[in-house]
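Numbering (this note's numbering), first residue to last: 956 to 1495. Virtual Cβ for every residue (Gly too), placed ideally from N, Cα, C. Below you'll find the structure, written out as structure tokens, and then a few comments.
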């Protein structure tokens, strides 16, 4: 599978086919020696080829595309090694980008299937605009070759997924072109791949100037993010199927160093391949040496079969790429994300549309930005409830409403991190509770992990105003390390040590201590009565 895919992905990337084959050799072997997964296979992929094709087309003249590609490959590898934190991208973005990439890849191959020589474009709209005027010149011979390719692919898939259908399809199309004498190119023939050098990957120096490196730094970051997302998501999926532990950091180091080595040996950018990794899993791969054997086998095939590439028609590769793009589409995952929530559906739609409308590196940035905004939005939701007393004397959680604070004592429970994103909502709720007449507010922090400086200052300001009005503000269930941080801050000075109660081994022990202190405070105030309820009662 790697041999025809290497040639096909080079076609997508607008670089000579040998660079796609080299990408199936050197990075595959290097990454296999460094990673822990016995199934993952590194090499050229659909999406990485699409992005690199869009980048080199927009950034470089035709004779400068390969040097530009190698520089991007180097920077991509270095970024992957050092910035693995960028792997956190939401499922909605990943699904939307995959759908968009599949659409772009499929539409980009219409020209090859139709036997047309049309300049490619990183934008779907611009690409179709360039293609439509040339459709009248469609070559029927190219369509027949594409149909033959698809017929072989479908037939092999129905027999067994373990049959190397891509290789059989390419061999059948090349044999047909050779037998019919169509390898001369138009008008007497069809467009073919052309010769591939029968040689080992040679040493190349990807860095020509620092100015050029600075120019491609941002696009390299985009493709590095894409490679990280692909590698982590595919690695987790395959490892889950095999029920083995996945080590993302080790994988990213192997992936990044594979790209670094590839940059010095003429390789396209690489990532983890879903199709080739899945085949490894299905065929029972046991050790990472399968990646080494894969790379060496591709090398041997290239040395032996390179002359045959002059008969491989581009229409065949176009049909093969369309087949792969079609199989990239995961409608089940798309429906799942779409139905999960309106927010995820919106992120999926925005990512998909941006992939089609903008240059693909900007679509990647937009996807990452959407993930971060989604993360901040979800993290910025305040998780605070009121603890009320039931008829049996036990405490139950209820939502904060307009009646919260109408009893003298209010017990609140906070969960998660208190950071600047929740400060406005926190202030609004506390002020509303105080305005309802509460005299003591007890906040349980047992489930609160951290308080940032903005939230701490906001709580200190509220506590000072509440105390000035005769109220008391108590923290209970506080972990020792968080309590020490509070005591050293302005918040601790406002509260006082007597109002910072540590969590204990017994459940709700600090809550009971805080409530006892709250009752004493309320009952000690002038005009206080023991007749009414001090804390809210949950209705039956």
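Please name the residue or residues paired with residue i in a DSSP beta bridge.
{"i": "residue 1406", "result": "1373"}
{"i": "residue 1492", "result": "1344"}
{"i": "residue 1457", "result": "1433"}
{"i": "residue 1322", "result": "Looking at the DSSP assignment, residue 1322 forms no beta bridge with any residue, so it has no partner."}
{"i": "residue 1352", "result": "1342"}
{"i": "residue 1428", "result": "1396"}
{"i": "residue 1364", "result": "1395, 1490"}
{"i": "residue 1268", "result": "1147"}
Just to confirm my understanding: we take residue i, look at its own chain, exclude 5 residues before and 5 after, and list those with CB closer than 7 Å. What are they?
{"i": "residue 1435", "result": "1457"}
{"i": "residue 1249", "result": "957, 983, 996"}
{"i": "residue 1073", "result": "1066, 1085, 1086, 1089"}
{"i": "residue 1240", "result": "993, 994"}
{"i": "residue 1258", "result": "1153"}
I need the straight-line Cα distance from residue i to residue j, nearest angstrom please.
{"i": "residue 1096", "j": "residue 1058", "result": "25 Å"}
{"i": "residue 1031", "j": "residue 1140", "result": "36 Å"}
{"i": "residue 1230", "j": "residue 1416", "result": "58 Å"}
{"i": "residue 1340", "j": "residue 1301", "result": "29 Å"}
{"i": "residue 1381", "j": "residue 1285", "result": "41 Å"}
{"i": "residue 1117", "j": "residue 1235", "result": "10 Å"}
{"i": "residue 1428", "j": "residue 1473", "result": "9 Å"}
{"i": "residue 1063", "j": "residue 1082", "result": "7 Å"}
{"i": "residue 1488", "j": "residue 1297", "result": "43 Å"}
{"i": "residue 1084", "j": "residue 1090", "result": "11 Å"}
{"i": "residue 980", "j": "residue 1324", "result": "34 Å"}
{"i": "residue 1283", "j": "residue 976", "result": "21 Å"}
{"i": "residue 1015", "j": "residue 1023", "result": "7 Å"}
{"i": "residue 1238", "j": "residue 960", "result": "19 Å"}
{"i": "residue 1221", "j": "residue 1437", "result": "53 Å"}
{"i": "residue 1155", "j": "residue 1115", "result": "33 Å"}
{"i": "residue 1029", "j": "residue 1169", "result": "13 Å"}
{"i": "residue 1050", "j": "residue 1440", "result": "42 Å"}
{"i": "residue 1217", "j": "residue 1025", "result": "8 Å"}
{"i": "residue 1179", "j": "residue 1467", "result": "53 Å"}
{"i": "residue 1130", "j": "residue 1266", "result": "7 Å"}
{"i": "residue 1292", "j": "residue 1048", "result": "10 Å"}
{"i": "residue 985", "j": "residue 1056", "result": "27 Å"}
{"i": "residue 1122", "j": "residue 1255", "result": "15 Å"}
{"i": "residue 1426", "j": "residue 1327", "result": "39 Å"}
{"i": "residue 1251", "j": "residue 1226", "result": "18 Å"}
{"i": "residue 1393", "j": "residue 1385", "result": "10 Å"}
{"i": "residue 1171", "j": "residue 1219", "result": "17 Å"}
{"i": "residue 1262", "j": "residue 1148", "result": "11 Å"}
Which word fits residue i, buried or exposed, when buried means at least 16 other C-beta atoms lie within 10 angstroms of its C-beta?
{"i": "residue 1454", "result": "buried"}
{"i": "residue 1404", "result": "exposed"}
{"i": "residue 1336", "result": "exposed"}
{"i": "residue 1377", "result": "buried"}
{"i": "residue 1224", "result": "buried"}
{"i": "residue 1200", "result": "exposed"}
{"i": "residue 1273", "result": "buried"}
{"i": "residue 1471", "result": "exposed"}
{"i": "residue 1094", "result": "buried"}
{"i": "residue 1424", "result": "exposed"}
{"i": "residue 1000", "result": "buried"}
{"i": "residue 1164", "result": "exposed"}
{"i": "residue 1210", "result": "buried"}
{"i": "residue 1481", "result": "exposed"}
{"i": "residue 1243", "result": "buried"}
Looking at the structure shown, is residue i part of a helix, part of a strand, or coil, going by DSSP?
{"i": "residue 978", "result": "coil"}
{"i": "residue 1000", "result": "coil"}
{"i": "residue 1073", "result": "coil"}
{"i": "residue 1261", "result": "helix"}
{"i": "residue 1537", "result": "In the structure as shown, the chain starts at 956 and stops at 1495, and residue 1537 therefore has no counterpart that could be examined."}
{"i": "residue 1240", "result": "coil"}
{"i": "residue 1200", "result": "coil"}
{"i": "residue 1228", "result": "coil"}
Closer than 7 Å to a non-hydrogen atom of the ligand SAM - does that hold for the CB of residue i?
{"i": "residue 958", "result": "As presented, the structure is devoid of all ligands, the ligand SAM included, so that no description of it is given."}
Counting only the same chain and skipping the five closest in sequence on each side, list residues whose C-beta sits under 6 Å from that of residue i.
{"i": "residue 1493", "result": "1343, 1345, 1351"}
{"i": "residue 1490", "result": "1344, 1362, 1364"}
{"i": "residue 1411", "result": "1444, 1446"}
{"i": "residue 1414", "result": "1446"}
{"i": "residue 1499", "result": "A question about residue 1499 goes unanswered here, because the residues of the chain that appear run from 956 up to 1495."}
{"i": "residue 1108", "result": "1120, 1124, 1278"}
Excluding the five sequence neighbours on either side, which residues of its own chain have a C-beta within less than 8 Å of the C-beta of residue i, listed in chain order?
{"i": "residue 1371", "result": "1334, 1338, 1402, 1403, 1404"}
{"i": "residue 1358", "result": "1391, 1491"}
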